[in-house]
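**Q** Below you will find the structure I want to go over with you.
Protein chains: 2
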Amino acid sequence: MSQLVAVGTVAFDTIETPFGKTDKILGGAATYIGLAASHLNVDVALVAIVGDDFPKSFLDTLESHNINIDGVEIVAGEKSFYWSGRYHHDMNSRDTLATELNVLTQFEPKVPRQYQNADLLLLGNLNPDAQLAAIEQMNNPKFIIMDTMNYWMNTSLETLKEVIARVDAITINDEEARQLSGEYSLVKAANKIQTMGPKFVIIKKGEHGALLFHGEQVFFAPALPLEEVFDPTGAGDSFAGGFAGYLAKTGDFSFENLKSAIVFGTALASFCVEAFGTERLKEIESHDIQRRLSVLKSLMQFDIELH
Amino acid sequence: MSQLVAVGTVAFDTIETPFGKTDKILGGAATYIGLAASHLNVDVALVAIVGDDFPKSFLDTLESHNINIDGVEIVAGEKSFYWSGRYHHDMNSRDTLATELNVLTQFEPKVPRQYQNADLLLLGNLNPDAQLAAIEQMNNPKFIIMDTMNYWMNTSLETLKEVIARVDAITINDEEARQLSGEYSLVKAANKIQTMGPKFVIIKKGEHGALLFHGEQVFFAPALPLEEVFDPTGAGDSFAGGFAGYLAKTGDFSFENLKSAIVFGTALASFCVEAFGTERLKEIESHDIQRRLSVLKSLMQFDIELH
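Written out as structure tokens, the structure is:
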């Protein structure tokens, strides 16, 4: 089993949906990534930064899921990153009510020494400078995955391209793939992004699922159709965490195995959206995941005669 | 092998896309349905109406694909149904430039006697009164499929509901499923529509694929990711035609076989959009379809260990 290092935010979130509103709860990309990956019993370490206002109980939650937090820096006298958002009825659009970067502005990732030889590095959505700094601290990881968003394309495109050139896989949503590539067709967009570096391009389409591109090969995993999406926050990060966790667990970076990893990520994301924040990710157990994987399998499986 | 009766429009289309513009070409829901189903070598009959301005060469095209057109009424002194539309760059939105109903306003379907015992009846998107009239002329078909659109929900909801109550399967797009059911979640929408009659609900999501619901069972077929969508006209009807054709060919109306039928419909739709109008549907051959089915299979196939 390989080690997995996840670099990203650990933060406070306040979330409003048509179903209710939370207090300041545990959030951040690295949090969701870590919790999702923890369900594979891999050795996962978070690299993040928080202020000294961050409750010990939140950090305890992470540790109780066997997530290593030696790389989570706590800065005295500073406040933690805070995000607040409101989802509308269709859950596909949201208003950001507050983004307080706070301590995040001084984030310089510090990968703990005992994880610098990890096989897998997952760079959550973050300033590309921080993503680059994390890559520099690793000793030749076998597989690097990055997430990003349009904000960094608009503000730090050159550094972002440097990061993209150094990763094996990128997860990106459909609109961002179009923006990054200048191509409307997702097939063309994925091909163009592959020429920028990553051998694997994963295009996330939210409720419509995810596409994996690798050379001429394509795989599609639908999102699980749900009666109700309760809170979409963290779904993309849970997807990435489940995906990376599966790769860490199996140590197999072939296209075939990446397909399975994507289905695993899809399963974790489908749990994430069933309750506020990290609630479901914290409570699900192995048999829940197994059951969901078999639902996903039947969702996609068919027999047709090929002559 | 069962007979398939397809009731719908046979028409003139003029189509503009970012790639070019057509003259008045062969179009209409029943045309696409018939051509798609013809690739399964089933005995398919169209029930439609045209004016005497409709070129013999267009009807010859249908017959040359072994489509029975005894039920296509030609009305002297009348003009054929004509539709004209312009697609935008993203191909998901279009402006209707002209809709001239012409002879369609007097359409009273007449199912030829030799097809009234057909096992399969496919009701293309049409006035629900005409759909109902077609059902009345059939002698106990084994399986009825209907397509519809929001226009009929807005103008003829009561008759539409009568049709819905009498069919086995309905194909409907996501927005229309929401409108018809009053439910935002597609799972809830499909459940509600099942209580209105059809045991099978197929929700079409365009470039995002299609969902099949049946009781607690769900199946998802992604659309094939394409480098370029040339002209989306007729994609939904080609899907329905491939779907119904597969059912007619196999005579098996189980959930498992409907899954395969949906994949077959997906394959036909993916050809349809590669060129203007019916061009690709007319020229593809069996080996093209087989190759595409195997591409679709690899697009959806994965292996994951379930404990």
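Chains as they are written, first to last, in this note's numbering: chain A, 637 to 943; chain B, 637 to 943. Yeah, the Cβ is synthetic: ideal placement off N, Cα and C, and Gly gets one too.
1. Got a sec? Which residues, its chain only, sit under 6 Å from K841 of chain A by beta carbon, not counting five neighbours each side?
2. Is any beta-carbon of chain A found at less than 7 Å from that of K840 of chain B?
3. In chain order, what residues of the same chain lie with their CB nearer than 8 Å to the CB of S693 of chain B, ignoring the 5 residues before and after it?
4. Give the DSSP bridge partners of H850 of chain A, in chain order.
5. Quick check on the burial criterion: 16 or more other C-beta atoms within 10 angstroms. Buried or exposed for A712 of chain A?
6. Count the other CB atoms within 10 Å of the CB of N677 of chain B; is the residue buried (16 or more) or exposed (fewer)?
7. Candidates A:R802, A:T791 and A:L793: which alpha carbon is nearest A770 of chain A's?
8. In chain A, which residues lie less than 8 Å from F900 of chain B when you measure between Cβ atoms?
9. Quick check: what's the CA-CA separation for Q926 of chain A versus G887 of chain A?
10. Measure from the alpha carbon of Y882 of chain B to the alpha carbon of each residue in B:L904, B:R916, B:L848 and B:F690, then state which is nearest.
11. For A880 of chain B, which of B:F856, B:T784 and B:L756 has the nearest alpha-carbon?
12. Here's the rule: buried if 16 or more other CB atoms are within 10 angstroms of the residue's CB, otherwise exposed. What is G687 of chain A?
13. Rounding to the nearest angstrom, what Cα-Cα distance links T807 of chain B and D689 of chain B in this structure?
14. Could you tell me which residues DSSP puts in a beta bridge with S720 of chain A?
15. Count the other C-beta atoms from every protein chain shown that fall within 10 angstroms of the C-beta of F875 of chain B, then say buried if there are 16 or more, exposed otherwise.
16. Is the Cβ-Cβ distance between V680 of chain A and V643 of chain A less than 7 Å?
17. For the beta strand (DSSP E) containing E892 of chain B, name the first residue and the last one.
18. For the stretch 651-717 of chain B, which segments carrying the beta strand (DSSP E) assignment without a break, of at least 3 residues, lie completely within its bounds, in sequence order?
19. Suppose only complete runs of 4+ residues qualify. What are the alpha helix (DSSP H) ranges in the stretch 798-840 of chain B, listed by chain order?
20. Judging by CA-CA distance, which residue of A:F866, A:I651 and A:Y668 is the nearest neighbour of T946 of chain A?
21. Does the beta carbon of M936 of chain A sit closer than 7 Å to a beta carbon anywhere in chain B?
22. Since G878 of chain B and A673 of chain B should fall inside the 8 Å C-beta cutoff, what is the C-beta to C-beta distance between them, to a whole number of angstroms?
23. Under 6 Å Cβ to Cβ from E910 of chain A, same chain only, skipping five residues before and after it: list those, please.
24. Any beta carbon from chain A within less than 7 Å of K660 of chain B's own beta carbon?
25. Ignore the nearest five residues each way along the sequence and tell me which others in L825 of chain B's own chain have a CB closer than 7 Å to its CB.
26. For A897 of chain A, count neighbouring C-beta atoms within 10 Å of its own C-beta (all shown protein chains included) and say buried if the count is 16 or more, exposed if not.
27. Going by C-alpha distance, which of B:F779, B:Y718 and B:P868 is nearest H725 of chain B?
28. Taking 7 Å as the threshold (beta carbon to beta carbon), is V823 of chain A in contact with chain B?
29. Give a yes or no on whether the minimum CB-CB distance between F856 of chain A and chain B is below 7 Å.
30. According to DSSP, is Q926 of chain B helix, strand or coil?
31. Note down, in chain order, each residue of its chain lying with its Cβ closer than 8 Å to the Cβ of V739 of chain A, except the 5 sequence neighbours on either side.
32. Between L935 of chain A and V854 of chain B, how many whole angstroms is the CB-CB distance? I'm expecting something under 8 Å.
33. Quick one: which chain A residues come within Cβ less than 9 Å of H725 of chain B?
34. Roughly how many angstroms lie between the CA atoms of V747 of chain A and S729 of chain B, to the nearest whole one?
35. Rounded to whole angstroms, what is the Cα-Cα separation between H796 of chain A and N790 of chain A?
36. Can you check the stretch 754-806 of chain B for any alpha helix (DSSP H) of at least 4 residues that lies completely inside it and give the ranges in chain order?
**A** Considering the structure as presented:
1. Here residue 841 of chain A corresponds to residue number 205 of the first sequence, with the count starting at 1. Within the same chain, K841 of chain A has close Cβ partners D810.
2. Numbered from 1 along the second sequence, position 204 holds the residue referred to as residue 840 of chain B. Chain A, which has no Cβ nearer than 7 Å to the Cβ of K840 of chain B, makes this no.
3. Counting from one through the second sequence, the residue named residue 693 of chain B turns up at place 57. Result list for S693 of chain B: empty, nothing under 8 Å.
4. As a first step, residue 850 of chain A must be located in the first sequence, where it is residue number 214. Per DSSP, A:Q853.
5. For the purposes of this step, residue 712 of chain A is identified with residue 76 of the first sequence, where counting begins at 1. It is exposed - the Cβ of A712 of chain A has fewer than 16 other Cβ atoms within 10 Å.
6. Residue numbering aside, residue 677 of chain B sits at position 41 when the second sequence is read from its first letter. N677 of chain B is classed as exposed because its beta carbon has fewer than 16 other beta carbons within 10 Å across all chains shown.
7. The count along the first sequence starts at 1 and reaches residue 770 of chain A at position 134. It is A:R802 whose Cα lies nearest to the Cα of A770 of chain A.
8. On the second sequence, residue 900 of chain B is found 264 positions in, with the first residue counted as 1. Residues of chain A passing the Cβ test: I940.
9. Within the first sequence, the letter at position 290 stands for residue 926 of chain A. Within the first sequence, the letter at position 251 stands for residue 887 of chain A. The straight-line gap from Cα to Cα measures roughly 20 Å.
10. For the purposes of this step, residue 882 of chain B is identified with residue 246 of the second sequence, where counting begins at 1. Nearest C-alpha to Y882 of chain B: B:L904.
11. For the purposes of this step, residue 880 of chain B is identified with residue 244 of the second sequence, where counting begins at 1. Answer by Cα proximity: B:L756.
12. The residue labelled residue 687 of chain A in the question sits at position 51 within the first sequence. Buried, because 16 or more other Cβ atoms sit within 10 Å of the Cβ of G687 of chain A.
13. Working through the second sequence from its first residue, we reach residue 807 of chain B at position 171. Working through the second sequence from its first residue, we reach residue 689 of chain B at position 53. Whole-angstrom Cα-Cα distance: 31 Å.
14. Position 84 of the first sequence, counting from 1, holds the residue named residue 720 of chain A. S720 of chain A is bridged to A:T650 and A:A734.
15. Position 239 of the second sequence, counted from the start, is the residue given in the question as residue 875 of chain B. That one is buried.
16. For the purposes of this step, residue 680 of chain A is identified with residue 44 of the first sequence, where counting begins at 1. For the purposes of this step, residue 643 of chain A is identified with residue 7 of the first sequence, where counting begins at 1. Not closer than 7 Å, so no.
17. As a position in the second sequence, residue 892 of chain B is number 256, starting the count at 1. Where E892 of chain B is concerned, there is no enclosing beta strand (DSSP E), although the alpha helix (DSSP H) it sits in stretches over F891 to C908.
18. 661-663, 679-687 and 703-711
19. Taking 4 residues as the minimum length, the alpha helix (DSSP H) runs contained wholly in the stretch 798-840 of chain B are 810-817 and 822-831, in order along the chain.
20. What the structure shows of chain A is the stretch from 637 to 943, and residue 946 of chain A is not part of that stretch, so it cannot be assessed.
21. For the purposes of this step, residue 936 of chain A is taken as the residue at position 300 of the first sequence. Yes, its Cβ sits closer than 7 Å to a Cβ of chain B.
22. On the second sequence, residue 878 of chain B is found 242 positions in, with the first residue counted as 1. On the second sequence, residue 673 of chain B is found 37 positions in, with the first residue counted as 1. In this structure G878 of chain B touches A673 of chain B by the C-beta definition: roughly 7 Å separates them, less than 8 Å.
23. Looking up residue 910 of chain A in the first sequence gives position 274. Excluding sequence neighbours, E910 of chain A sits near F866 and R916.
24. To locate residue 660 of chain B, count along the second sequence from 1; it is residue 24. So, not an interface residue.
25. As a working mapping, residue 825 of chain B is identified with position 189 in the second sequence. Rather than Leu, the amino acid found at residue 825 of chain B in this sequence is Ala. Within the same chain, A825 of chain B has close Cβ partners A813, R814, S817 and E819.
26. As a working note, residue 897 of chain A is residue 261 in the first sequence. Around the beta carbon of A897 of chain A, a 10 Å sphere encloses 16 or more other beta carbons of the protein chains shown; the residue is thus reported as buried.
27. On the second sequence, position 89 is the one that residue 725 of chain B refers to. The candidate whose alpha carbon is nearest that of H725 of chain B is B:P868.
28. Walking along the first sequence from the start, residue 823 of chain A turns up at place 187. Yes, V823 of chain A counts as interfacial toward chain B.
29. On the first sequence, position 220 is the one that residue 856 of chain A refers to. F856 of chain A counts as touching chain B.
30. As a working note, residue 926 of chain B is residue 290 in the second sequence. Of the three classes helix, strand and coil, the one that applies to Q926 of chain B here is helix, per DSSP.
31. Within the first sequence, the letter at position 103 stands for residue 739 of chain A. Cβ neighbours of V739 of chain A beyond the five flanking positions: I685, V686, G687, V711, E714, K715, S716 and F717.
32. Your numbering for residue 935 of chain A matches position 299 in the first sequence. Your numbering for residue 854 of chain B matches position 218 in the second sequence. About 6 Å separates the two Cβ atoms, so the contact holds.
33. The residue labelled residue 725 of chain B in the question sits at position 89 within the second sequence. Ordered by position in chain A, the residues that pass the 9 Å Cβ test against H725 of chain B are Y820.
34. Walking along the first sequence from the start, residue 747 of chain A turns up at place 111. Walking along the second sequence from the start, residue 729 of chain B turns up at place 93. Cα to Cα, V747 of chain A sits roughly 48 Å from S729 of chain B.
35. Taking the first sequence and counting its residues from 1, one reaches residue 796 of chain A at position 160. Taking the first sequence and counting its residues from 1, one reaches residue 790 of chain A at position 154. Checking the sequence, you will find Leu at residue 796 of chain A rather than His. When rounded, the distance between both Cα atoms is 10 Å.
36. 764-772, 786-791 and 793-801
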